[in-house]
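Just so you know, the sequences run in chain order F and E. In terms of the numbering used here, the first sequence has 63 at position 53, counting the first letter as 1, and numbering is strictly consecutive. In terms of the numbering used here, the second sequence has 27 at position 19, counting the first letter as 1, and numbering is strictly consecutive. Backbone N, C-alpha and C define an ideal beta-carbon position, used for all residues, glycine too. As the structure is a prediction and not an experimental result, all values here were calculated from the model. Scroll down for the structure; my scribbles are underneath it.
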Amino acid sequence: EPEVTQTPSHQVTQMGQEVILRCVPISNHLYFYWYRQILGQKVEFLVSFYNNEISEKSEIFDDQFSVERPDGSNFTLKIRSTKLEDSAMYFCASSEEYNEQFFGPGTRLTVL
Amino acid sequence: DQQVKQNSPSLSVQEGRISILNCDYTNSMFDYFLWYKKYPAEGPTFLISISSIKDKNEDGRFTVFLNKSAKHLSLHIVPSQPGDSAVYFCAASPWNSGNTPLVFGKGTRLSVIA
């Protein structure tokens with residue numbers, strides 16, 4: 011069964027450093043998303059991406075964040091200068107046009 | 009702002025009995041609702057969905073009921089099995105199409121006791 015994959019599973023970084031989280035969505039899906047879940051809180055939408063551009067973004071997705079689909083398979087989330095409060099699980103998801111979103115296993119980001 | 013609320017953080021049920029997980033929403037624009045299950049160290053796994061034109065959707069042991077006037081939905085699992093023990097998230101969106109951000113509740117931890 012096709013699945014969304016994410017790397018790395020755990021990323022530890024120093025405050026102020028840049029991190030890139032990587033995702034490989036399901037191959038025939040058209041829409042891609044990033045969500046995050048801070049420990050003990052709900053899963054929150056960050057950004058959606060379609061046709062090589064951002065479709066929607068939340069207020070969390072400020073200028074420190076960017077997304078890219080550098081090739082036909084990868085979908086990345088970059089945080090330019092990490093803050094302590096960026097520590098969270100980051101989930102990538104993908105979907106076809108009218109169906110449910112499938113989530114990856116997540117990347118745990120720890121900012122020290 | 010909690011647009012999607014799951015007021016029970018946890019629920020314990022005996023194996024073989026019915027599990028009922030509840031979800032309330034406040035945004036009347038929500039038109040499409042989903043339930044996800046999440047095990048530790050894994051991403052949310054889609055379980056079942058329902059659009060506002062229906063009041064019930066069934067898939068095997070899982071049934072979702074939607075009461076649009078009350079802005080309430082529930083997930084019934086019958087019979088409950090130990091493998092169902094997980095955190096269950098209710099999610100909602102204004103429509104069923106791509107590009108739609110899902111708004112999640114905080115989740116309910118279900119424990120099915122053998």
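Taking 7 Å as the threshold, the shortest C-beta distance from E/K64 to chain F does not fall below it.
E/G68 sits exposed, since fewer than 16 C-beta atoms from the chains shown fall within 10 Å of its C-beta. Counting other Cβ atoms within 10 Å of its Cβ, F/Q111 reaches 16 or more and is therefore classed as buried. For the region 58 to 107 of chain E, the full-length beta strand (DSSP E) segments reaching 3 residues or more read 64 to 67, 70 to 75, 80 to 85 and 94 to 101 along the chain. The Cβ atoms of E/W103 and E/D32 lie no closer than 7 Å to each other. Secondary structure of F/E54 (DSSP, three-state): strand. The alpha-carbon separation between E/S16 and F/D81 amounts to approximately 43 Å.
E/N107 belongs to the set of residues whose beta carbon lies under 7 Å from a beta carbon in chain F.
Along the region 44 to 105 of chain F, the beta strand (DSSP E) occurs as fully enclosed runs of 3 or more residues at 53 to 60, 63 to 67, 75 to 78, 85 to 89 and 98 to 105, listed in sequence order. Within the same chain, and ignoring the five residues on either side of F/E66 in sequence, the residues whose Cβ sits closer than 6 Å to its Cβ are S58.
For F/Y41, the pairing in a beta bridge is given by DSSP as F/Y60 and F/S105.
For E/Y47, there is no enclosing beta strand (DSSP E), as DSSP marks it with neither H nor E. Ranked by Cα distance from E/Y47, the options F/M25, F/F113 and F/T120 are led by F/F113.
Distance from the CA of F/G116 to the CA of E/R25, rounded to the nearest whole angstrom, comes to 32 Å. The region 33 to 53 of chain F makes no contact with the region 74 to 91 of chain E: fewer than 3 CB pairs, one atom from each, lie closer than 8 Å. Secondary structure note for F/V14: it is in no beta strand (DSSP E), with a DSSP letter that is neither H nor E. Contact between E/K45 and E/Y96 holds: their C-beta atoms lie close to 6 Å from each other, under 8 Å.
Residues of the same chain with a CB within less than 8 Å of the CB of F/T23, apart from the 5 flanking positions on each side, are V29, T92, L119, T120, V121 and L122 in chain order. A Cβ-Cβ separation of about 5 Å places F/S68 in contact with F/F55 under the 8 Å criterion.
Of E/F112, E/S101 and E/S93, the smallest CA-CA separation from E/I121 is found for E/S93.
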